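Chain order of the listed sequences is A and B.
The C-terminal position of the first sequence is numbered 163 in this note's numbering, with every residue numbered one higher than the one before it.
The C-terminal position of the second sequence is numbered 326 in this note's numbering, with every residue numbered one higher than the one before it.
Where is the CB? At the ideal position from N, CA and C, for every residue including glycine.
Since we're looking at a predicted model, the values are computed, not measured.
Some notes on the structure that comes next.
Number of protein chains: 2
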Amino acid sequence: MPVAARREQYEELARQLGTVDAIKRDLGRRLPVNCSPASVVLLSLLRRYGEMRMSKLAELLAIDMSVTSRHVAYVAERGWIERHPDPLDKRSRLLRLSPSGAELLAQVSTLYTETLAACLKDWSADDVGSLIDLLTRLREAFGDCRARAPQPHGADSTARTPA
Amino acid sequence: MPVAARREQYEELARQLGTVDAIKRDLGRRLPVNCSPASVVLLSLLRRYGEMRMSKLAELLAIDMSVTSRHVAYVAERGWIERHPDPLDKRSRLLRLSPSGAELLAQVSTLYTETLAACLKDWSADDVGSLIDLLTRLREAFGDCRARAPQPHGADSTARTPA
DNA sequence: TATTGTTATACTCTATAACTATA
DNA sequence: TATAGTTATAGAGTATAACAATA
C-alpha cells in the first residue's frame, strides 16, 4: 500500500473515531436518573472483572486515579458498590458490585440493548462481532503503545498523576 | 442467533465504544498548543466538505449550534477559518478553511499518522479499512435512528436547542 | 522515602435558555 | 411568526497538584 494512501486511511480513522462521541451521548441520554455514563462503565467493569482496588479500576478506565476516586464516591453514595477493607494493605479498600448495583446494570443493559437493536436492526451478528473485535484490538494496540512510549507531556504509563 | 447472545453482544459493543475516549484523549495530547481536538474535527470537516454555514457544521458535528458557535469563534480568532457574508441570507455567514488552517491540518495529519502508524504497525490495511467502514456505518445507523425516533428528553432531529 | 487514595482547583466540552437580527 | 446565530450559565468529565495515612 502506498504511503499516501495509508496516511489518508489513518486520517479517516481519526475522523471516524471522533464521531463515536455523538453515539455515546445518545446512549447516555437514555440512562436512568442519577446514573451517569461514567457510573455505568465503572459498574460494568466491577461486574466483569470482580472485586478490585481503586488503582486497578483507574487503570482499566484509563483515567487518572483522582477522577476515579470521585466516580467511586458517587456510586458508593448511591449504594451501587460496597467498599471493604483490604486485608493486605490498610491504605486500600476493595470495591465490589452490590446487589442494587447489579440490578441497575441489568436495567441499563435492557436500555442499551433496545437502543442498539433499533439502530442496528440491519446489521448481521458478524458485523457487530467484527466491530467489537476491531475496537478491542484497537484499545489493546493503544494500551501497548502507551506502555512502551510515554506521553510527550510527561505522563507515564500508570494511571497516576505525578505529584 | 439466540436473543441472550445478541443482548450480550450489544452490551460488549457499548463497553468497547466507551474505551474509544481514552484513545481520543491520547491523540489529543499530541496536538500543537492552542489547537483543541474540537478545532481539528471542525477544520477537517471544512476541508472535506468545503464552504458551509454554521447550522450545517453543527449537524455534521452532531452537537448543538451554541457549542458549534463557540468552536467556530475560537478557530476564527486564530485565523484558521474565514467568514464571508452569505449572499442568500444576511443572518448567516459562510465558513471556509483558510490557508493557515490548511497548514495546521497538514501538521496534525502528520502527528496523527505517526501515532497511529506506531500503534497499529501490526495491522493490515484491510483491518484499518474494515474498522473505518464499520464506524462509518455505525454513525450512519445512529443518524438514521435519531432522525426517525426523537430523543426521550424532547430533542428533535435537528441540531437546534428548542428555545 | 514511596505509595494509596482524597480533595481543591482549573480546563474542555456540551446543553439549556434567553437574546439579536433577519426572513 | 419562524429561523440563524450569539452569549450566559450550568453540568459532566478529566488533569494537575497538594495532602493524609500507611507501607
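Reference residue i, options the options, closest by Cα
i      : options                           : result
A/L71  : A/D86, A/E51, A/V41 and A/P87     : Here residue 71 of chain A is His; the residue named in the question, Leu, does not match the sequence. Here the closest residue by C-alpha is A/V41.
B/E266 : B/L206, B/P165 and B/L298         : B/L206
A/R175 : A/S98, A/R91 and A/I63            : The displayed coordinates of chain A run from 1 to 163. Any statement about residue 175 of chain A would go beyond what the structure contains.
A/S69  : A/V128, A/Y49, A/R93 and A/D89    : A/R93
B/L214 : B/R254, B/N197, B/I244 and B/L268 : At residue 214 of chain B the sequence reads Glu, which differs from the Leu that was named. The candidate whose alpha carbon is nearest that of B/E214 is B/I244.
A/A73  : A/P2, A/E114, A/S36 and A/V20     : A/S36
A/P32  : A/P2, A/V108, A/L95 and A/K121    : A/V108
B/D307 : B/S202, B/E222, B/D249 and B/A288 : B/E222
A/G79  : A/S66, A/R96, A/L88 and A/S130    : A/R96
A/R30  : A/V128, A/T110 and A/S130         : A/T110
A/S39  : A/V128, A/L105 and A/R83          : A/L105
A/S98  : A/R91, A/H84 and A/L57            : A/H84
Cβ pair residue i, residue j closer than 9 Å
i      : j      : result
B/Y275 : B/L190 : yes
A/I132 : B/E175 : yes
B/W286 : A/A5   : no
B/L180 : A/L134 : no
B/L283 : A/L138 : yes
A/R48  : B/R178 : yes
A/Q9   : B/A239 : no
A/V20  : B/V183 : yes
A/S130 : B/S293 : yes
Start and end residues, alpha helix (DSSP H) containing residue i
i      : result
A/E12  : V3 to G18
A/E103 : P99 to C119
B/R337 : It is not possible to answer for residue 337 of chain B, since the shown part of chain B is limited to 164 through 326.
B/P200 : P200 to Y212
B/L194 : Neither: B/L194 is in no alpha helix (DSSP H) and is coded neither H nor E.
B/A221 : M217 to L224
Cβ neighbour criterion (16 or more within 10 Å) applied to residue i
i      : result
A/R25  : exposed
B/T278 : buried
B/L251 : exposed
B/S263 : exposed
B/S229 : exposed
B/G317 : With a pLDDT of 35 at B/G317, under the threshold of 50, the modelled position of this residue cannot be trusted; read the value that follows with caution. That one is exposed.
Residue range of the unbroken beta strand (DSSP E) whose run includes residue i
i     : result
A/P85 : I81 to P85
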